[in-house]
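J.: Sharing a structure, written as C-alpha cells. Questions coming.
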Amino acid sequence: MDHTTAEGRLLDAADTLFYERGIQAVGMDAIRAASGVSLKRTYQLFPSKEHLVEAVLRRRDQAVRDALEAYTLARSTPTERVLAVFDYLHDWFGQPDYRGCAFINSFAELGGSSPNVVEIVRTHKRAFADHLAALVVAAGRPPQLAAQLALLANGAMVTAAIAGSAAPAREARAAASRLLDAEPPS
C-alpha cells in the first residue's frame with residue numbers, strides 16, 4: 001500500500017471513529033483495524049494520536065470551507081447567500097450521522113490539553129466567521145452583523161446535536177433573516 005493510500009485510509013477511519021465515538025474513546029488500534037493499515041505503517045505516517053487528530057481536523061476544515069463556499073455561491077443574491085449558510089446547516093443537521101460540529105467537539109475534549117488542536121479549531125471558526133463577514137458585506141450590511149450571525153450558527157450546531165433535530169437551523173435562519181431585515185442594505 002503506497003503512502004497516499006495508507007494516509008487516506010487512516011484519515012478516513014480516524015475521522016469516522018472520532019466523530020462517532022469521540023477522540024478520547026478511540027484508540028490507535030481501532031483506527032488501524034478500521035483502516036486496514038498496519039500499526040507500524042500507522043505510526044510511520046502519524047507518530048502520535050495527536051498528529052492524527054490534527055491531520056483529521058485540517059482535512060475536515062478544508063472540506064467544510066469548500067462545501068460551504070460552493071453552497072453559498074450557488075444562490076443568486078447576496079442576501080440569499082447569507083441565509084444559505086443556515087440552509088447548509090439544516091442539510092448537515094438532517095444527516096443521520098450528525099453528532100455536532102467536529103471542531104466544537106474536539107475543543108470540548110482536548111482544548112485543555114492540546115494547544116495545536118485549539119489553534120486548528122480557532123482557525124476553522126475564524127474562517128467560518130470570515131466567510132460570513134464577506135457574505136454580509138457583499139449584501140451591503142454592516143460587518144459587525146457577521147459576528148452575530150456566527151453566534152447563531154454555532155449555537156445552532158450545538159443545539160441541533162443535543163436535540164437530535166435539524167430544527168435549530170431553521171430557527172437560526174429565521175433570526176438571521178430578522179437581523180438582516182433590521183439592517184437594510186446601504
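One point on numbering: in full-length UniProt numbering, the residue at position 152 of the sequence shown is 152, and numbering is uninterrupted.
Think of the CB as a built atom: it goes at the ideal place given N, C-alpha and C, for glycine as much as any other residue.
Does DSSP put I31 in a helix, in a strand, or in coil?
T.: Walking along the sequence shown from the start, residue 31 turns up at place 31. Note: I31 maps to helix in three-state DSSP.
J.: Give the secondary structure of Q24 by DSSP, where H, G and I count as helix, E and B as strand, and everything else as coil.
T.: Reading the sequence shown from its first residue, position 24 is the one you call residue 24. Coil.
J.: Would you check if there are 3 or more beta carbon pairs closer than 8 angstroms linking the stretch 41-48 to the stretch 5-17?
T.: Cβ pair count under 8 angstroms is three or more, so yes.
J.: Below 8 angstroms CB to CB, which residues in the same chain sit around V136 once its five sequence neighbours on both sides are set aside?
T.: In the sequence shown, counting from the first residue as 1, residue 136 sits at position 136. Excluding residues within five positions, the ones whose Cβ falls inside 8 angstroms are V82, P142, P143, L145, A146, L149.
J.: Helix, strand or coil for A6? Go by DSSP, reduced to three states.
T.: Position 6 of the sequence shown, counting from 1, holds the residue named residue 6. Of the three classes helix, strand and coil, the one that applies to A6 here is helix, per DSSP.
J.: Below 8 angstroms on the Cβ atoms is my contact criterion, and I expect L110 with I23 to pass it. Report the Cβ-Cβ distance as a whole number of Å.
T.: Within the sequence shown, the letter at position 110 stands for residue 110. Within the sequence shown, the letter at position 23 stands for residue 23. Confirmed, Cβ separation roughly 6 angstroms.
J.: In terms of alpha-carbon separation, which member of T77, H131, P96, R122 lies closest to R58?
T.: The residue you call residue 58 lines up with position 58 of the sequence shown. Out of T77, H131, P96, R122, R122 has the C-alpha closest to the C-alpha of R58.
J.: How many Å lie between G100 and G94 at the Cα?
T.: Indexing the sequence shown from 1 puts residue 100 at position 100. Indexing the sequence shown from 1 puts residue 94 at position 94. About 11 angstroms.
J.: Answer with buried or exposed for I120, where buried requires no fewer than 16 other C-beta atoms within 10 angstroms of its C-beta.
T.: Walking along the sequence shown from the start, residue 120 turns up at place 120. So I120 counts as buried.
J.: Under 8 angstroms between the Cβ atoms of L179 and T79?
T.: Here residue 179 refers to the residue found at position 179 of the sequence shown. Here residue 79 refers to the residue found at position 79 of the sequence shown. No.
J.: Hey, quick one: how far does the alpha helix (DSSP H) through E69 stretch, first residue to last?
T.: Counted from its first residue, the sequence shown places residue 69 at position 69. Its alpha helix (DSSP H) spans residues 49-73.
J.: Please classify A153 as buried or exposed, where buried requires at least 16 neighbouring CB atoms within 10 angstroms.
T.: As a first step, residue 153 must be located in the sequence shown, where it is residue number 153. Buried, since its Cβ has 16 or more Cβ neighbours within 10 Å.
J.: Within 7 angstroms: the Cβ of F18 and any heavy atom of the ligand FMN?
T.: The model on display carries no ligand, and the ligand FMN is accordingly not part of it.
J.: Does the separation of the CB atoms of H90 and A166 fall below 8 angstroms?
T.: Position 90 of the sequence shown holds residue 90. Position 166 of the sequence shown holds residue 166. In contact: H90 and A166 (Cβ atoms closer than 8 angstroms).
J.: Return yes when the Cβ of A182 is within less than 8 angstroms of the Cβ of F86, no when it is not.
T.: The count along the sequence shown starts at 1 and reaches residue 86 at position 86. The count along the sequence shown starts at 1 and reaches residue 182 at position 182. Contact: no.
J.: Between A74, A160, Q62, which lies nearest to W92 when the distance is taken from Cα to Cα?
T.: Position 92 of the sequence shown, counting from 1, holds the residue named residue 92. Nearest C-alpha to W92: A160.
J.: Can you tell which of G155, I162, P168, G140 has its C-alpha closest to the C-alpha of P185?
T.: Stepping through the sequence shown from its first residue, residue 185 is reached at position 185. For the residues G155, I162, P168, G140, the minimum Cα distance to P185 belongs to G140.
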